[in-house]
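Below is one structure, written out as structure tokens; the observations come after it.
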Amino acid sequence: GADDPAALAQVAESRRWLASGTVPGGSGARREGAERALLSMRALLRPNGAFAAAWYPFWDFSWPRDSAFAAAAFAHTGHDEEAYRILRYNAGTQRPDGTWEARTRLDGSGPPDDRRWQLDANGWVPWAAWQWYRTAPAAGRAERLRALYPALAKAADFTAGSLDAEGLPPASPDYWELPTA
Numbered sequence: 032g033a034d035d036p037a038a039l040a041q042v043a044e045s046r047r048w049l050a051s052g053t054v055p056g057g058s059g060a061r062r063e064g065a066e067r068a069l070l071s072m073r074a075l076l077r078p079n080g081a082f083a084a085a086w087y088p089f090w091d092f093s094w095p096r097d098s099a100f101a102a103a104a105f106a107h108t109g110h111d112e113e114a115y116r117i118l119r120y121n122a123g124t125q126r127p128d129g130t131w132e133a134r135t136r137l138d139g140s141g142p143p144d145d146r147r148w149q150l151d152a153n154g155w156v157p158w159a160a161w162q163w164y165r166t167a168p169a170a171g172r173a174e175r176l177r178a179l180y181p182a183l184a185k186a187a188d189f190t191a192g193s194l195d196a197e198g199l200p201p202a203s204p205d206y207w208e209l210p211t212a
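As numbered in the numbering used here, residues 32 to 212 make up the sequence shown, in order.
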């Protein structure tokens with residue numbers, strides 16, 4: 032109920048967490064929507080940095096593309112720890128060749144099925160790292176970037192090496208994860 036001590040403690044803690052950063056939207060409905068979005072994203076973030084697309088079992092996986100946007104949102108609202116945790120998870124789940132699976136299990140153990148990897152993560156994950164770096168507190172930022180650098184370099188190297196004579200990457204599954212051939 033409304034007077035449940037555990038629920039009240041959770042509400043107070045959530046308010047403190049929101050206040051530790053910034054909430055976009057000015058005031059009114061936009062700000063309330065941004066608050067709900069940030070709290071929902073926080074609830075979907077696992078301690079290991081996996082970012083679940085939803086709590087509905089069909090979507091209970093982490094997509095590098097989706098988590099990149101979550102990392103950017105956390106970074107730009109002053110929630111550095113959450114943003115960096117996602118980036119570390121993505122760095123840790125990168126394939127040896129420098130690409131990422133389309134999605135991984137939330138424990139980081141790999142993909143839940145045999146769908147093909149997607150090249151878009153090779154752009155989204157470095158973009159999210161850039162968004163984080165631009166907003167991260169200066170103290171310790173360079174050291175944390177060095178920890179991410181091997182994954183970022185492998186992503187860039189794979190992508191650059193995959194370009195054809197016209198500068199285009201190979202066809203890969205699209206946003207809807209449908210085969211291209």
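Ideal placement from N, C-alpha and C gives every residue a C-beta, glycine not left out. Please read these numbers as outputs of a predicted model, since none were measured by experiment.
Query	Result
Sub-8 Å separation of residue 92 and residue 147 beta-carbons	no
Residue 64, enclosing alpha helix (DSSP H) - first and last residue	60-75
Residue range of the unbroken alpha helix (DSSP H) whose run includes residue 45	36-50
Nearest residue (CA-CA) to residue 103, options 59, 44, 48 and 155	155
Identified DSSP bridge partners for residue 136	92
Separation of residue 108 from residue 214, as counted between CA atoms	This structure does not reach residue 214, given that the chain is present from 32 up to 212, and the question cannot be answered.
Cβ pair residue 66, residue 49 closer than 8 Å	yes
Close beta carbons around residue 139, own chain, < 7 Å, minus the five adjacent residues each side	79, 81, 120, 123 and 124
Own chain residues within Cβ distance below 8 Å of residue 191, not counting five before or after	none
Expected contact under 8 Å - CB spacing of residue 95 and residue 131 to nearest Å	4 Å
Where the alpha helix (DSSP H) through residue 155 begins and ends	152-166
C-beta contact flag for residue 129 and residue 188 at 8 Å	yes
Residue interval of the alpha helix (DSSP H) (run including residue 141)	Taken as a continuous stretch (DSSP letters only), residue 141 belongs to no alpha helix (DSSP H), as it is neither H nor E.
Endpoints, alpha helix (DSSP H) assigned at residue 176	172-193
Length of the line joining the Cα atoms of residue 52 and residue 116	16 Å
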